[in-house]
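K.L.:
This is the structure I have questions about; it appears just below.
Numbering (the numbering used here), first residue to last: 6 to 987.
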């Protein structure tokens, strides 16, 4: 929408308020400001509202809007009077407006900070979460315009609207006055309101993916008249998979007399189909896609899989076509997989959907798979099929213009048919959201990720998403912090997925190794040590071992309380005639299955060399392992995991899996207190029942690496069950208001968007507000000034050059330490200036000496995509040359700080390496927590570097600090929920 001439430039049309949202039932809608051009839409909308809803809105019979009403409701200044509308297909389905008022309830302007708010939703769309979405967006608009409270009058009988306000999570007050309920909402976001918002987002986005994967009917648009071609291939695959719903072939070029094609009804357009179509697979040239999308939108299609190519992967012109495709589909309330997609698969018995180009539908299993690459998708499907693994669902998103990996995580969290989520990602459109969703999903099931395009610094063609400048090592560390299993290759992803889907999680790193090859056992032992596991000496059963010997040895290892996992190595065994037996892998598989089924629940993996049929027999043992269940509540939802809030468990009541099922009708939003989306903890790794399929690997390294990932993930689950905390002492020793006032002063009334670095004294003052003392330095522009500075600070002192090219470069001779008197200082000054240049170039300073210790560096920075990141390493070569730096997302907990220090490779230096004295790591952890708190409280602090931080056996000293302030970058993850617009 464009601003109308009637609006002044000061109140220009706020296009940043426009947003696409996913409603409770999984459909999409558009929220935008109402303009003067909307008069006819408003009148049409009002005519479709029931008399009861009109009465609730105006407290009296109000059959139609007067011209004055229409003018009032379509003319806004976007400051004191604002109206928003929810649209589908360009028509209103709901509206909200606020009018700023004073203490007496009369119309007012700023600085009045209260507004009266009112909603109206078309009856046909009530129960879809329209009012709740509108409240989120109108509240954000109000905060932007300086409004801090909403006031609303609601009739007592209007229970739906009262519940919308009550469940929003805002601090509120209620009273009964003059026959109506008077509500006042404080619009400052709270922990509860954010949890409610994210809970609704999760249910809506999960439902939107579920609608795509479990349709009641599918139309293939672009089905060829002759065998071959993309459309005809998809139709053939749908039929071959046994899709349980209705299938239609659509092509405008069909002959009028053609009634069926491949046994399904054939039509020239969707309009000829008498029944509703839930999913459309579009396989026509790109220039014909808009026509097909319009046809789908006009006939109520819920979602699209666009296989057509020719979009963003072709350059800027194609990218604009892709954006227009997304805009067009969302305007009709549809979500898109693609374009340039490979397709989707759902193996649930009630669905059996293969709307993809994969010629064979995978077996039913417990693994969910999402990929941004069709080629990688083909490879993964082939690899899983070859190793006998089944899938629960598969999405190949192509250019992923709409449905993304984040949506798949939302779906996987709830899907009771999925035990493990595998994702191949080439871009992260919203890293903050991905980390949040991955952490929540990993709390209940493993998430394994391969990240492509790791080192290019750009996104692959077609992926129109913001580019994060975070180094790949940082991305990996942040994923680990969120519980994500990050692997490097798709082969490793399949290896880990097979183990995690079929075996219980290990209780620790102790691994028993047994087999009939001493050499293979030793290779496995070495691989375990390399991966940080604790292997027991391999048990050699000799080449004469029979399958029964394997069974007895495995049963004994599983029963041993000193082992947490078992790796079986096997080569062809020697039979009675002295010849190697290679053919009967089924016999060995049966023996291993029997031992695993009869023993304690511990993970088992097999490494085999040339044993025919073994991998297939082990896979066939239980290719569809029983789902890992948790107790359910009386409401039918899985009970919360121990130590987790009620909402930590997936909610299945809103995600049916049968074809064509709709979300259950709801008359109001669910209470926000029943289902927050950020679990405070997570379940201990469950002690599963009998193991499922036993994964087999052709190399010891692959089996051990998969087991090591399972061990690390299980450890993360155990630690996440009791999450870390921010120590209370920070609340008593920090001056947040003082720091905020100082930052405002330093930035000034009109801050430079590029920001500004702080001087040494400014940085010291700001850091001091958070209990981070920085040892003072005094300038020494000449020898006399240096002597005066030393006298003021007290000997011994250090003389340092602070020129940018010499900063922190003691190796170049720009730092002289332990100067105990004036003569030593004068000699050092003369030597430095003679060696490196004039004082005006060197910018020398004098600083008192700190106690000896280990030099470290602590940093915090804000990435526009990922958020604030806290980093730690040893100063100098370890971090700068070897990249030995650890990272955690802010805000950091006490556990994060402790892990940050211990996760660098050089950490032993801090804990008494080679007989040195251990340093004060608790003081270092406290420093990390204080810095984390500073950047979390004040997003204007965009970067901090404390270097060096000398950590002594008792205490630490911050010798240098650089701080940069800038207007804070926008935090999209804290605003109202919205779909990204690329």
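Each residue gets a CB set at the ideal place from its N, CA and C atoms; glycine is no exception.
Determine whether the beta carbon atoms of residue 343 and residue 306 lie at a separation below 8 Å.
P.N.:
no
K.L.:
Tell me which same chain residues have a C-beta within less than 8 Å of the C-beta of residue 195, skipping the five on either side of it?
P.N.:
174, 175, 176
K.L.:
Using the C-alpha atoms, what's the distance from residue 895 back to residue 773?
P.N.:
20 Å
K.L.:
For residue 178, which beta-bridge partners are listed by DSSP?
P.N.:
Beta-bridge pairing links residue 178 to 189.
K.L.:
Do residue 824 and residue 833 count as a contact pair if the criterion is CB distance below 8 Å?
P.N.:
yes
K.L.:
Within the continuous alpha helix (DSSP H) that includes residue 607, where are the two ends?
P.N.:
It is not in any alpha helix (DSSP H) - residue 607 carries neither H nor E in the DSSP assignment.
K.L.:
Given residue 78, which residues of its chain have a CB within under 8 Å of its CB, disregarding the five upstream and five downstream residues?
P.N.:
39, 47, 70, 88, 100, 102
K.L.:
Decide if the stretch 511-525 is in contact with the stretch 557-567; the criterion is three or more beta carbon pairs, one per stretch, under 8 Å apart.
P.N.:
yes
K.L.:
For a test of the three-state rule: what should DSSP assign to residue 68, helix, strand or coil?
P.N.:
coil
K.L.:
Taking only the alpha-carbon atoms, compute the straight-line gap between residue 927 and residue 729 and give it to the nearest angstrom.
P.N.:
15 Å
K.L.:
With DSSP as the reference, label residue 304 as helix, strand or coil.
P.N.:
coil
K.L.:
Locate the alpha helix (DSSP H) running through residue 365, then write down its first and last residues.
P.N.:
Where residue 365 is concerned, there is no enclosing alpha helix (DSSP H), given that its DSSP letter is neither H nor E.
K.L.:
If we require 3 or more residues per run, which beta strand (DSSP E) segments fall completely within the stretch 476-560?
P.N.:
490-492, 515-520
K.L.:
Roughly how many whole angstroms lie between the Cα atoms of residue 713 and residue 892?
P.N.:
When only Cα atoms are considered, residue 713 and residue 892 end up about 21 Å apart.
K.L.:
Ignoring anything shorter than 3 residues, give me the beta strand (DSSP E) runs that lie fully in the stretch 49-105, in order along the chain.
P.N.:
86-93
K.L.:
Please report how far the alpha carbon of residue 986 lies from the alpha carbon of residue 341, in whole angstroms.
P.N.:
13 Å
K.L.:
Going by DSSP, what residue range makes up the alpha helix (DSSP H) through residue 163?
P.N.:
Premise fails: residue 163 is in no alpha helix (DSSP H) and is neither H nor E.
K.L.:
Do residue 253 and residue 278 have their CB atoms nearer than 8 Å?
P.N.:
Going by C-beta atoms, residue 253 is nearer than 8 Å to residue 278.
K.L.:
Using CA coordinates, which residue listed in 954, 871, 885, 762 is at the minimum distance from residue 1051?
P.N.:
With the chain covering 6 to 987 only, the question about residue 1051 has no answer from this structure.
K.L.:
What is the rounded straight-line gap between the Cα of residue 527 and the Cα of residue 919?
P.N.:
Going by C-alpha positions, residue 527 is about 30 Å away from residue 919.
K.L.:
When the Cα atoms are used, what is the spatial distance from residue 206 to residue 92?
P.N.:
19 Å
K.L.:
Need the endpoints of the beta strand (DSSP E) that residue 373 sits in, please.
P.N.:
Note, residue 373: beta strand (DSSP E), 369-376.
K.L.:
For residue 990 and residue 21, what's the separation of their Cα atoms in angstroms?
P.N.:
Because the chain in this structure spans residues 6 to 987, residue 990 falls outside the shown range and cannot be described.
K.L.:
Consult DSSP for residue 880 and reduce its assignment to one of helix, strand or coil.
P.N.:
coil
K.L.:
Name, in chain order, the residues that DSSP records as bridge partners for residue 359.
P.N.:
350
K.L.:
Run through the DSSP bridge pairs and tell me what residue 762 is partnered with.
P.N.:
969
K.L.:
I'd like the span of the beta strand (DSSP E) that includes residue 125, first residue to last.
P.N.:
119-126
K.L.:
Given residue 126, which residues of its chain have a CB within under 6 Å of its CB, disregarding the five upstream and five downstream residues?
P.N.:
99, 135, 136
K.L.:
Where residue 753 and residue 488 are concerned, what is the direct C-alpha to C-alpha distance, given to the nearest angstrom?
P.N.:
Separation of residue 753 and residue 488 (C-alpha to C-alpha, rounded to the nearest whole angstrom) is 41 Å.
K.L.:
What residue range does the beta strand (DSSP E) around residue 235 cover?
P.N.:
From DSSP, residue 235 is part of no beta strand (DSSP E) but of the alpha helix (DSSP H) over 235-246.
K.L.:
My output table needs one value for residue 222: the three-state DSSP class, helix, strand or coil.
P.N.:
Three-state result, residue 222: strand.
K.L.:
Considering Cα atoms alone, identify which of 303, 776, 937, 887 is closest to residue 863.
P.N.:
Sorting 303, 776, 937, 887 by C-alpha distance to the C-alpha of residue 863 places 937 at the top.
K.L.:
Are the CB atoms of residue 705 and residue 571 within a distance shorter than 8 Å?
P.N.:
no
K.L.:
According to DSSP, what are the bridge partners of residue 852?
P.N.:
782, 803
K.L.:
Can you list, in chain order, the stretches of the beta strand (DSSP E) that have 3 or more residues and sit fully within the stretch 263-314?
P.N.:
269-272, 284-287, 308-311
K.L.:
Note the first and the last residue of the continuous beta strand (DSSP E) segment covering residue 927.
P.N.:
Premise fails: residue 927 lies in the alpha helix (DSSP H), 926-942, not in any beta strand (DSSP E).
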